[in-house]
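Enquirer:
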Amino acid sequence: SALVQKYIPFDNEPDSVTGMWLVEPEVDSNSLPVLSIIPLSSFVRGAHLLPRFGAEFLPRHITCYNSLDLMSAFYLNKWADHHSFELLPR
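Residue numbers (the numbering used here): 48 to 137.
Okay, structure coming up:
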């Protein structure tokens, strides 16, 4: 099983510049992230999320380790496929 944070579309259509969907973390009425535990057998494919950056420089404390927790919206990279994970150590 895996603990999964849910994301919802930011708009009704993909971004007109990138062609990618913009998503944001789904939150409940208390502004807490919506989480689910799902069996690994239900995964269809991995997702590659790219942070939506603004015009300003990022603070130095935002890293690849905490960006999912600190960024407010992400592009869902539709061009990522199973080859994206070939470089991961086994």
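Backbone N, C-alpha and C define an ideal beta-carbon position, used for all residues, glycine too.
Short of 7 angstroms in beta carbon distance, which residues of its chain neighbour Asp58, apart from the five on each side in sequence? Order them along the chain.
Expert: Leu69
Enquirer: According to DSSP, is Leu87 helix, strand or coil?
Expert: helix
Enquirer: Are the beta-carbon atoms of Asn124 and Leu87 separated by less than 8 angstroms?
Expert: no
Enquirer: For Phe100, is the classification buried or exposed, using 16 other Cβ atoms within 10 angstroms of its Cβ as the cut-off for buried?
Expert: Phe100 should be labelled exposed.
Enquirer: Leaving out five residues before and five after Ala120 in sequence, what residues of the same chain have Cβ atoms less than 6 angstroms from its Cβ?
Expert: Phe57, Leu69, Glu71 and Arg99
Enquirer: When DSSP labels each residue in this structure, what does Leu115 get in the three-state scheme?
Expert: helix
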